[in-house]
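*Asks:* Questions regarding the structure given below will be posed in turn.
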Amino acid sequence: MFDKIGSLLDEDLKEMSDLKTLDDLRVKYLGKKGLITELNSEIRNVPNEEKKGFGMKVNELRNRFTEFYDQEKSRLEQEALNKRLEQEAIDISLPATKVPVGAPHILEKVIEEVEEVFLSMGYDVVDGPEIEEDKYNFEMLNIPKGHPARDAQDTFYIEGEEILLRSQTSPVQVRTMLKGEGRVPIRMICPGKTYRRDDDDASHSHQFMQIEGLLVDKDISLSDLKGTMDVLFKRLFGKDVETRFRPSYYQFTEPSVEVDITCVNCHGKGCNVCKNTGWVTVVGAGVVHPNVLRMSGYDPDVWSGFAFGFGAERLAMMKYDINDIRTFYNADLRESKVFDREDEE
Ligand code: DAH
Numbered sequence: 002m003f004d005k006i007g008s009l010l011d012e013d014l015k016e017m018s019d020l021k022t023l024d025d026l027r028v029k030y031l032g033k034k035g036l037i038t039e040l041n042s043e044i045r046n047v048p049n050e051e052k053k054g055f056g057m058k059v060n061e062l063r064n065r066f067t068e069f070y071d072q073e074k075s076r077l078e079q080e081a082l083n084k085r086l087e088q089e090a091i092d093i094s095l096p097a098t099k100v101p102v103g104a105p106h107i108l109e110k111v112i113e114e115v116e117e118v119f120l121s122m123g124y125d126v127v128d129g130p131e132i133e134e135d136k137y138n139f140e141m142l143n144i145p146k147g148h149p150a151r152d153a154q155d156t157f158y159i160e161g162e163e164i165l166l167r168s169q170t171s172p173v174q175v176r177t178m179l180k181g182e183g184r185v186p187i188r189m190i191c192p193g194k195t196y197r198r199d200d201d202d203a204s205h206s207h208q209f210m211q212i213e214g215l216l217v218d219k220d221i222s223l224s225d226l227k228g229t230m231d232v233l234f235k236r237l238f239g240k241d242v243e244t245r246f247r248p249s250y251y252q253f254t255e256p257s258v259e260v261d262i263t264c265v266n267c268h269g270k271g272c273n274v275c276k277n278t279g280w281v282t283v284v285g286a287g288v289v290h291p292n293v294l295r296m297s298g299y300d301p302d303v304w305s306g307f308a309f310g311f312g313a314e315r316l317a318m319m320k321y322d323i324n325d326i327r328t329f330y331n332a333d334l335r336e337s338k339v340f341d342r343e344d345e346e
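Residue numbers (the working numbering): 2 to 346.
Below, the structure is given as C-alpha cells:
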C-alpha cells in the first residue's frame, strides 16, 4: 500500500498549472476520502506492535505531500500576483486624459467687475431673496396696490397677490434700510436674478440679472449720482466714456433719470447699436423718494439718498459685442471659453 501511494506521488507531484488543479490533488490525497486519509484510518486494524511503524510511514507520505503542496501553492500565488501587478501597472509615460476645464460665465465676470468698482468706493455687496413679498417688491417702494406702475413689470405671482418672483432688485433697498435700523451711511449694491413674464427673444429674457445700488446719507443729490455713474462707466469701458442724465419716471425716486453712456461701439459717432444717436441708455436711477425713506424708518428731512438699477446683460452685451441675450442662458461652455480667451489677449 505504501509503495503504491508512494509511486502515485512520484507521478503526481510535479509542477501544477493552477491552484484549482493543485486543490484537486489535495482532495485526492488528504480529502475526507483521500488516499492518505484512508490509509491513516487503517491503523485501527494494525496489530499494536506495528502501529508505531505504520503511523510513521503514513506521516512520511503526508509530509511528502504537504511539503509539495505548500511550495506549489506559494509559487502559484506569487505567479498570480505578478500577473495582476503586470496588468495593473501604470505607464507613466502615457499622455494623461484631458480634464475639461470650465471658464467663468460672462455675466459673472461683468458682475464681479462692477462689484470691484463699488467695493473700492466703500460699498457693501448684499443679497436678497428671489422669492419676494409684494410689500418689499412694490408697496414699500411707493407702488401701492392697484397702481398702474405695477403693470409695467409683468410680475410672476406665486401665491395670490402677496408672494412673487421679484421683478426687480429694488426690494433689497428696502430690506437693507430696514435692517440698518437708522444706521448711516448706507452704501450697498445688490446683484441678483430678477423675473418678468416676457417672451424670450434676442433682447428679452424672462429671467435676467439686475444690479441695484443704494446710498443714504446727509445732503445727497443728483450730482453725487452723476459722479458715481461716471466712475463706474469709465472704469468699465475706459476713460473716454461719458455719461449723461435724461429725465425719467420711477415711483421710488424723485427726480428720476435714465443714465446714458457714449456708445462704446462707435465712440459716439453713431452706429446701429446706438441707433445713430451716439448714446446708449444703461441705467435707471434717481434721488430716493421721501416716501420710500420714511416707510423704511429714515426721516426724509434729515436723510437723503440716490438709487440706481441696471441689467448686467446689457453691459455684457456691449462689452463683448453680443447681440442676443439668450447667449447668456443656453449653457454653452464654448461661449464662456471664447470670451474668457478674448479677455486674456
Ligand atoms: N428697478 C428699476 C427697473 O427694474 C430700475 C431702477 C430704477 C432701480 C431707478 C432703481 C432706481 O433703484 O432708482 O426698471
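Beta carbons are placed, not taken as given, at the ideal position from N, Cα and C, and that holds for glycine.
Which runs of the alpha helix (DSSP H) at least 4 residues long sit entirely within the stretch 124–161? Give them in chain order.
*Replies:* Listed in chain order, the complete alpha helix (DSSP H) runs (minimum 4 residues) inside the stretch 124–161 are 135–138.
*Asks:* CB of residue 193 to nearest heavy atom of the ligand DAH: below 6 Å?
*Replies:* The count along the sequence shown starts at 1 and reaches residue 193 at position 192. Residue 193 Cβ: outside cutoff for every heavy atom of the ligand DAH.
*Asks:* Check whether the Cβ of residue 196 lies closer than 6 Å to any heavy atom of the ligand DAH, and answer yes or no.
*Replies:* Counting from 1 along the sequence shown, the entry for residue 196 is found at position 195. No - the ligand DAH has no heavy atom lying nearer than 6 Å to the Cβ of residue 196.
*Asks:* State buried or exposed for residue 143, treating a residue as buried only when at least 16 other CB atoms are found within 10 Å of its CB.
*Replies:* The sequence position of residue 143 within the sequence shown is 142, counting from 1. With 16 or more other Cβ atoms within 10 Å, it is buried.
*Asks:* Roughly how many angstroms separate the alpha carbons of residue 146 and residue 165, rounded to a whole number?
*Replies:* For the purposes of this step, residue 146 is taken as the residue at position 145 of the sequence shown. For the purposes of this step, residue 165 is taken as the residue at position 164 of the sequence shown. Roughly 14 Å between the two C-alpha positions.
*Asks:* Under three-state DSSP, which class holds residue 247?
*Replies:* Residue mapping note: residue 247 aligns to position 246 of the sequence shown, counting from 1. The answer is strand: DSSP assigns residue 247 an E or B state.
*Asks:* If you measure from the CB of residue 153, is any heavy atom of the ligand DAH nearer than 6 Å?
*Replies:* The residue you call residue 153 lines up with position 152 of the sequence shown. Answer for residue 153: no, Cβ out of range of the ligand DAH.
*Asks:* Starting from the N-terminal side, write out each stretch of the alpha helix (DSSP H) that is 4 residues or longer and does not extend beyond the stretch 160–248.
*Replies:* With a minimum length of 4 residues, the continuous alpha helix (DSSP H) runs that stay inside the stretch 160–248 are 172–181, 223–238.
*Asks:* Report whether the distance from the Cβ of residue 254 to the nearest heavy atom of the ligand DAH is below 6 Å.
*Replies:* Mapped onto the sequence shown, residue 254 falls at position 253. For the ligand DAH, at least one heavy atom lies less than 6 Å from the Cβ of residue 254.
*Asks:* Is the beta carbon of residue 244 less than 7 Å from the beta carbon of residue 258?
*Replies:* For this step, residue 244 is matched to residue 243 along the sequence shown. For this step, residue 258 is matched to residue 257 along the sequence shown. Not in contact: residue 244 and residue 258 (Cβ atoms no closer than 7 Å).
*Asks:* Report the rounded CA-to-CA distance for residue 308 versus residue 174, giving the unit in angstroms.
*Replies:* As a working note, residue 308 is residue 307 in the sequence shown. As a working note, residue 174 is residue 173 in the sequence shown. If I take the Cα positions, the gap works out to 8 Å.
*Asks:* Alpha carbons only, please: which of 155, 229, 156, 154 is nearest the one belonging to residue 189?
*Replies:* The sequence position of residue 189 within the sequence shown is 188, counting from 1. Nearest of 155, 229, 156, 154 to residue 189, Cα basis: 229.
*Asks:* Taking buried to mean at least 16 other C-beta atoms within 10 Å of its own C-beta, is residue 254 buried or exposed?
*Replies:* Along the sequence shown, one-based indexing puts residue 254 at 253. Per the 10 Å Cβ criterion, buried.
*Asks:* Name the two residues that bound the continuous alpha helix (DSSP H) containing residue 54.
*Replies:* Residue mapping note: residue 54 aligns to position 53 of the sequence shown, counting from 1. Element bounds for residue 54: 49–89.
*Asks:* Under 8 Å, with one C-beta from each stretch per pair, do the stretch 313–320 and the stretch 106–116 reach the 3-pair mark?
*Replies:* The stretch 313–320, when compared against the stretch 106–116, does touch it at the 8 Å Cβ threshold.
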